[in-house]
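This report refers to the structure that appears directly beneath it.
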Amino acid sequence: MRANSRPPRRDAARRASWQLVLGGNGKMSEVHVHRVQPAWKKNALIDNDTYLKWYADSVKNPDKFWGKHGKRIDWFKPYSKVKNTSFDGKVSIKWFEDGETNVSWNCIDRHLKKRSDQTAIIWEGDNPYDDRKITYNELYAHVCRLANVMKKHGVRKGDRVTIYMPMIPEAAYAMLACTRIGAIHSVVFGGFSPDALAGRIDDCKSSFVITADEGLRGGKPIPLKDNTDKAIEIAAKAGTKVEKVVVVRRTGGKTSWVAERDVWYHEEIATVKAECKPEKMKAEDPLFILYTSGSTGKPKGVLHTTAGYLVYVSMTHQYVFDYHDGDIYWCTADVGWVTGHSYIVYGPLANGATTLMFEGVPNYPSQSRFWEVIDKHKVNIFYTAPTALRALMGAGDAHVTRTSRKSLRVLGTVGEPINPEAWEWYFNVVGNGKVPIVDTWWQTETGGILITPLPGATPLKAGSATRPFFGVKPQLVDGDGKMLDGVASGNLCIADSWPGQMRTVYGDHERFVQTYFSTYKGKYFTGDGCRRDDDGYYWITGRVDDVINVSGHRMGTAEVESALVSHEKVSEAAVVGYPHDIKGQGIYCYVTLMAGEKPNEELRKELVAHVRKDIGAIATPDKIQFAPGLPKTRSGKIMRRILRKIAEDDFAALGDTSTLAEPAVVDDLIANRQNKR
Ligand code: 6R9
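If you're matching positions, the sequence shown starts at 1 in the UniProt record's numbering and goes up one per residue.
Printed below as a string of structure tokens:
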């Protein structure tokens, strides 16, 4: 690295640690280059020379590289082929295709010889007095029992099982039990509404659901079973009948009960054996479906398969977090998102790690909760989201500094671009200036981390995800698909396949090809904008499509629009994102009412509640602007560029409005904007 190339003179070295760069926000700023500290390098698995060598090998000869690293997991039948992928035409992605393995067997059984009494999962409840430790031996028994319960009720290899759970160990048991018998799980985030859950049950025709009576977050119960009951009714109308619901008793709160359909988890597991043979799965057998928002209204069922995914998430978990045997590792995500799948459950457990699962929220019972949990369980590696950091930063340093945090060795972030202020706060206040931060860029679709620093190898720049992981070939292209070299800004594509990549959209391969491989021929298009600086570092600038990122959660603007127009008083809606101090982006809705309807405060509240009910609390609109008309081209296309500018209160730069059918609507939109500075 340039910043490290001239070490001897102290003042020169200090000067070299500052650079002028164009940040993720598009503004030039001075960035402090944080050199790799001696302590980070000392026992690191990968230093810079190793990174450079492995990276070069991995892109030069992927077959050889992954042929070697595929062996990090155990196989019933070894593979003879490694990579068989094409991003052209019909798009076909296969890794290790003739091998056979099983995910739960890799995450549990193979560790039992050495780690049967090691803690696999530390569970920290919403209430700080509520916690549990589960050893690998116990994990084995729990997973086998639940797998047997599923078998007893007729779940077979290839069947889809919906998991709608709070953050309790049973959620991990349920995922692993599916993989043990070859069922495909679809985890639905516990914050989603009955409608959203029903849509996901119906899309993959899932007739088996695992849930809990209630969830608990920040002291408040969440009615998961009641939501499930409603969702099942809605799904039935759409043509999908749920036959069985297994219910974990979490709070003991009252729920409705359908006698012939619902069974209690604790009663069922008492009726079966604590042993269940893992199914031999082909490398490309489906592992799970995870629904994610895109630029159209309907969430896509992202499909991941067995072996490539496990190889990739276990390898990234080990090297990105510099995971060493015995480390206590904590990722604060929810298992309802891909980060929870890859970096709470599969990556860590495949590596025989101790993974912490947290039921609660960052500010309950106090703003110190994260740091208290770190001290309580001596957490070494901590992985969270920029939105949480911004909120905690706003609460003041004292909540952090009154805790020790001396166990910390690596810090990580994921989910959205991290602003340099939050990064420096994380580094200096949480990490006392002594702990490296890995800003990991990836997506539901990529299965695992693609662009990231490695703690012992990569000099850090606040706000940059830095360099590609092994085997990953990022490319920047302009609007016409021309590849950009050197220092450049463009759309981020990945030129070749890596083992953790999604294989298809469940039930709709054509949509997979259209969404990801049609914009730029022969390349995977990420939907993100990105800049590369003169050190070859990548700076993700955010989505370039109609997806917004609210507190690290992906939200299709079209999904919110369709929720709004489903209200009887709404005739048309357009939704855009705008910069939000804590959430990263907020949800700004322009709403045109039906003829005769009058805008008022009550209706505004009603619409907010309506969207929450339709999608879930994560989609709660921040601003609603009643608009008699939306800016449209003569062909009827809504000009979102203009709506974004008005939402940002930046209407001096509206650009060309001459192509609008009715330029006058813009004046009304400006006059009634909701984000006046
Ligand atoms: C893992 C996850 C993916 C989108 C992605 C991008 C944004 C994620 C980021 C980041 C900047 C990072 N994103 N990590 N942007 N820096 N370190 O979040 O998956 O929910 O599918 O979201 O999130 O825009 O395209 P997912």
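Where is the CB? At the ideal position from N, CA and C, for every residue including glycine. Predicted, not measured: the structure shown is a model, and the values here were computed from it.
Determine whether the beta carbon atoms of Pro299 and Thr292 lie at a separation below 9 angstroms.
yes
What does DSSP give as the partner residues of His185 in its beta bridges?
Val161, Phe288
Can you name, in chain order, every residue of its own chain whose Cβ lies under 7 angstroms from the Cβ of Lys655, other than the five neighbours on each side?
For the sequence presented, residue 655 should be read as Gly rather than Lys. Counting only Cβ-Cβ distances below 7 angstroms, and skipping sequence neighbours, we find Arg641.
Just the C-alpha distance for Asp47 and Gly456, rounded to the nearest angstrom, thanks.
5 angstroms
Nearest CA to the CA of Cys204: which residue from Gly218, Ala238, Glu601, Asn227?
Ala238
Burial state of His610, where buried means 16 or more other Cβ atoms lie within 10 Å
buried
Neighbourhood of Ser5 by C-beta distance below 7 angstroms, restricted to the same chain and skipping five residues each side
Only weak support exists for where Ser5 lies, its pLDDT of 39 falling under 50; the coordinates are left without a value.
With C-beta atoms as the reference, is Val576 less than 9 angstroms away from Pro621?
no
Just checking, does the stretch 478-487 make contact with the stretch 260-277 on the three C-beta pairs under 8 angstroms criterion?
no
Which same chain residues, not among the five before or five after Ala395, have their C-beta less than 8 angstroms away from its C-beta?
Asn363, Gln367
Opening and closing residue of the alpha helix (DSSP H) in which Arg644 lies
640-647
Could you pull out every unbroken beta strand (DSSP E) segment of at least 3 residues lying fully inside the stretch 475-533, listed in chain order?
488-494, 524-532
May I ask you to report which of helix, strand or coil DSSP gives Arg673?
coil
Look at the alpha carbon of Ile163 and the alpha carbon of Gly190, and state the distance between them as a whole number of angstroms.
9 angstroms
The ligand 6R9 heavy atoms versus the CB of Asn549: any closer than 8 angstroms?
yes
Can you determine whether any heavy atom of the ligand 6R9 sits closer than 8 angstroms to the C-beta of Pro417, and answer yes or no?
yes
Distance, Cα to Cα, Thr271 vs Arg250?
20 angstroms
Regarding Ala422 and the ligand 6R9, is the C-beta to nearest heavy atom distance less than 8 angstroms?
no
Should Gly24 go down as buried or exposed, given a rule of 16 or more other Cβ atoms within 10 Å for buried?
The pLDDT assigned to Gly24 is 49, lower than 50, so where the model puts this residue is not dependable; a value taken from the coordinates is nonetheless given after this. Buried, since its Cβ has 16 or more Cβ neighbours within 10 Å.
Taking 6 angstroms as the limit between beta carbons, can you name the residues of its chain near Tyr329, skipping five residues before and five after?
Pro348, Ala353, Thr355, Ile381
Return yes when the Cβ of Gly301 is within less than 9 angstroms of the Cβ of Tyr524, no when it is not.
no
Would you check if the stretch 170-186 and the stretch 151-162 touch, i.e. whether three or more CB-CB distances between them fall below 8 angstroms?
yes
Check Gly24 in the structure and name its three-state DSSP category.
Residue confidence for Gly24 is low, a pLDDT of 49 falling below 50, so the modelled location carries little weight; the figure read from the coordinates is stated next. In the structure shown, Gly24 sits in coil (DSSP, three-state: anything other than H, G, I, E or B).
Kindly give me the distance between the Cβ atoms of His185 and Phe288, rounded to whole angstroms, as I take these residues to be in contact under 8 angstroms.
5 angstroms
Taking Asp581 as the reference, which of Asp88, Arg369, Thr387 has the closest Cα?
Thr387
Does the distance from the CB of Val161 to the CB of Ile210 come in under 9 angstroms?
yes
For Asp622, which of helix, strand or coil comes out of DSSP?
coil
Check each candidate in Glu260, Phe651, Val666, Glu602 and name the one with the smallest Cα separation from Gly629.
Val666
Compute the Euclidean distance between the alpha carbons of Leu660 and Thr557, then round it to the nearest angstrom.
22 angstroms
Just the C-alpha distance for Ile437 and Val313, rounded to the nearest angstrom, thanks.
19 angstroms
What are the boundary residues of the alpha helix (DSSP H) that includes Asn106?
103-107
For Met357: DSSP bridge partner residues:
Trp123
Would you mind sorting Arg402 into buried or exposed? The rule is 16 or more other CB atoms within 10 Å of its CB.
exposed
For Ala462 and Gly229, the rounded distance between their alpha carbons:
According to the sequence provided, residue 229 is Asp. The question's Gly does not apply to it. C-alpha separation (whole angstroms): 46 angstroms.
Does at least one heavy atom of the ligand 6R9 sit under 8 angstroms from the Cβ of Gln367?
no
Quick check on Ala664: buried or exposed, where buried means 16 or more other Cβ atoms within 10 Å of its Cβ?
exposed
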